[in-house]
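S.K.: Per the numbering used here, the sequence shown runs over residues 22 to 120.
Positions of the beta carbon are idealized from the N, C-alpha and C atoms, including for glycine.
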Amino acid sequence: MDTTASVRKTKHLKSPSLFSSLLMIMVRIMDSMLQHRRTIVEQKMLLTGMKVSVTKMRASYQTLTSIVQIRAGILTAKVKIGVVIQNWNIVLHACHRHS
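In structure tokens form, the structure reads like this:
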């Protein structure tokens, strides 16, 4: 399995996505497994390492998205509160005029 060609391809991309970089890591690991004919124990260790890194990346992505969602929620809440306050002010002004 020749990985040098695929490595060269990704270098030309200005910003390779998270998925493509992950794929490259996996390809390299598989390639090294084939080249060195590692023992089953070593292969298992490598695979678990890969799984851990993937789960870590997923977790960080999830926290990022949740932070963005929370911030968006806070913003919408602020806007809603502002609208409510404006409406109350309008109502209060109307009440003062009539009395």
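#1: May I ask you to report which of helix, strand or coil DSSP gives residue 81?
#2: Among 45, 53, 117, 116, which has the Cα closest to the Cα of residue 75?
#3: Ordered along the chain, which non-local residues of its own chain (more than five positions away) have a Cβ less than 8 Å from that of residue 71?
#4: Just the C-alpha distance for residue 77 and residue 84, rounded to the nearest angstrom, thanks.
#5: Do residue 82 and residue 39 have their C-beta atoms within less than 9 Å of each other?
#6: Residue 79 to residue 104, Cα distance in whole Å?
#7: In angstroms with no decimal places, state the Cα-to-Cα distance between residue 69 and residue 62.
M.R.: From the atom records:
#1: Position 60 of the sequence shown, counted from the first residue, corresponds to residue 81. Correct three-state label for residue 81: helix.
#2: Position 54 of the sequence shown, counted from the start, is the residue given in the question as residue 75. Among 45, 53, 117, 116, the Cα nearest to that of residue 75 is on 45.
#3: As a position in the sequence shown, residue 71 is number 50, starting the count at 1. Cβ within range, chain order: 46, 47, 50.
#4: What you label residue 77 is simply residue 56 of the sequence shown in a count that begins at 1. What you label residue 84 is simply residue 63 of the sequence shown in a count that begins at 1. Approximately 11 Å, taken between the alpha carbons.
#5: Numbered from 1 along the sequence shown, position 61 holds the residue referred to as residue 82. Numbered from 1 along the sequence shown, position 18 holds the residue referred to as residue 39. Yes, the pair counts as a contact, with Cβ atoms nearer than the cut-off.
#6: Taking the sequence shown and counting its residues from 1, the one referred to as residue 79 is at position 58. Taking the sequence shown and counting its residues from 1, the one referred to as residue 104 is at position 83. Rounded to the nearest angstrom, the two C-alpha atoms are 37 Å apart.
#7: Mapped onto the sequence shown, residue 69 falls at position 48. Mapped onto the sequence shown, residue 62 falls at position 41. Computed Cα separation, rounded: 11 Å.
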